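Participant:
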Amino acid sequence: MRTLLALISVLAPALSPASPIPIPADASWHMQLDGKLQTPDRQVYDIDLYDTPTQTITALKGGGRIVICYFSAGTWEDWRSDAASYPQEALGNELADWPGERWLDHRRDDVRQLLAKRLDLAAAKGCDGVDPDNVDGYSNDNGLDLTEEQQIDFNRWLAEQARSRNMNVGLKNAVELLPVLGEHFDFAINESCYRYKECDGYDYMRSQGKAIFIAEYRTFNDNLCSKAATSGFRLQYFKRSLKTVGIPCD
Numbered sequence: 297m298r299t300l301l302a303l304i305s306v307l308a309p310a311l312s313p314a315s316p317i318p319i320p321a322d323a324s325w326h327m328q329l330d331g332k333l334q335t336p337d338r339q340v341y342d343i344d345l346y347d348t349p350t351q352t353i354t355a356l357k358g359g360g361r362i363v364i365c366y367f368s369a370g371t372w373e374d375w376r377s378d379a380a381s382y383p384q385e386a387l388g389n390e391l392a393d394w395p396g397e398r399w400l401d402h403r404r405d406d407v408r409q410l411l412a413k414r415l416d417l418a419a420a421k422g423c424d425g426v427d428p429d430n431v432d433g434y435s436n437d438n439g440l441d442l443t444e445e446q447q448i449d450f451n452r453w454l455a456e457q458a459r460s461r462n463m464n465v466g467l468k469n470a471v472e473l474l475p476v477l478g479e480h481f482d483f484a485i486n487e488s489c490y491r492y493k494e495c496d497g498y499d500y501m502r503s504q505g506k507a508i509f510i511a512e513y514r515t516f517n518d519n520l521c522s523k524a525a526t527s528g529f530r531l532q533y534f535k536r537s538l539k540t541v542g543i544p545c546d
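This note's numbering applies: residue 297 is where the sequence shown begins, and numbers increase by one.
In structure tokens, the structure reads:
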């Protein structure tokens, strides 16, 4: 019996799941969610979970890239392959400017079970991390009476679920929730924080050595690049369609 226990103790570390590849704070990055995938020489790729074939993810990782898989966690999209699985009563208001997309009642167990399957898909495809979008529904006209407390609970659940599958997880926008959520996420992706004057909210998360990827949908701006470099952020300029390669500060 002692011999068996000793053998188990030796094998245990080898049998435990591997930790996800960390996201370097100074990593170059590419974000593309639509169109034929472009392949610039960037270290981190943020690409669509559903539209990207497994073989593409495998090839990117084989080339030394870290692959983050995007999906919407807080909204329902009528074009996704699992759209029919979501109950109608779980759907809230439509999103302005985004046809076919509605806010999702993430408090429901059946909705969370479906979202867990999305995370299973990300793990099965070999994603190193996930970029769950629309995790700030409570602060929008969602039609579901979502509260800040419920949003925090859901976002923590997402982070726990991703990490339990050995994937990094990023916080998308929702800067105002960072004081209570920063510890639960491995990196952040923000859209237009300079435009909305909220970039300072990432200072503590950056002090922890976590990557802060900022997308600005405007023309290249040297002054903002200087600010981002001082803060340790990775700033890049994109077209809102996210079909092409962005222009990084460096």
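For each residue, glycine too, the CB sits at the ideal point set by N, CA and C. In this text the structure is predicted, and so the values were computed from the model without any measurement.
Any idea what DSSP makes of residue 542, helix, strand or coil?
Facilitator: Of the three classes helix, strand and coil, the one that applies to residue 542 here is coil, per DSSP.
Participant: Output yes or no for whether 8 Å exceeds the beta carbon distance between residue 466 and residue 482.
Facilitator: Closer than 8 Å, so yes.
Participant: Run through DSSP, which three-state label would residue 401 get?
Facilitator: Coil, per DSSP.
Participant: Rounding to the nearest angstrom, what Cα-Cα distance links residue 348 and residue 511 in this structure?
Facilitator: Distance between the alpha carbons of residue 348 and residue 511: 21 Å.
Participant: Let's test the definition: count the other Cβ atoms within 10 Å of the Cβ of residue 351 and tell me whether it reaches 16, buried, or not, exposed.
Facilitator: Residue 351 is exposed by the Cβ-count criterion.
Participant: Do residue 336 and residue 424 come within 8 Å of each other at the CB atom, strictly closer than that value?
Facilitator: Contact flag unset, no.
Participant: Could you tell me which of 356, 472, 362 sits nearest to residue 321, measuring between CA atoms?
Facilitator: Here the closest residue by C-alpha is 362.
Participant: Does the pairing of the region 396-416 with the region 452-464 give three or more beta-carbon distances under 8 Å?
Facilitator: A contact exists between the region 396-416 and the region 452-464.
Participant: Do residue 346 and residue 377 have their C-beta atoms within less than 8 Å of each other?
Facilitator: Against a cut-off of 8 Å, the Cβ pair of residue 377 and residue 346 comes out as a contact.
Participant: Applying the 10 Å Cβ sphere with the 16-neighbour rule, what's the burial state of residue 516?
Facilitator: Answer is exposed; the Cβ neighbour count stays below 16.
Participant: How about residue 325: is its Cβ closer than 7 Å to a heavy atom in the ligand HEM?
Facilitator: Ligands are entirely absent from the displayed structure, and the ligand HEM is therefore not among its contents.
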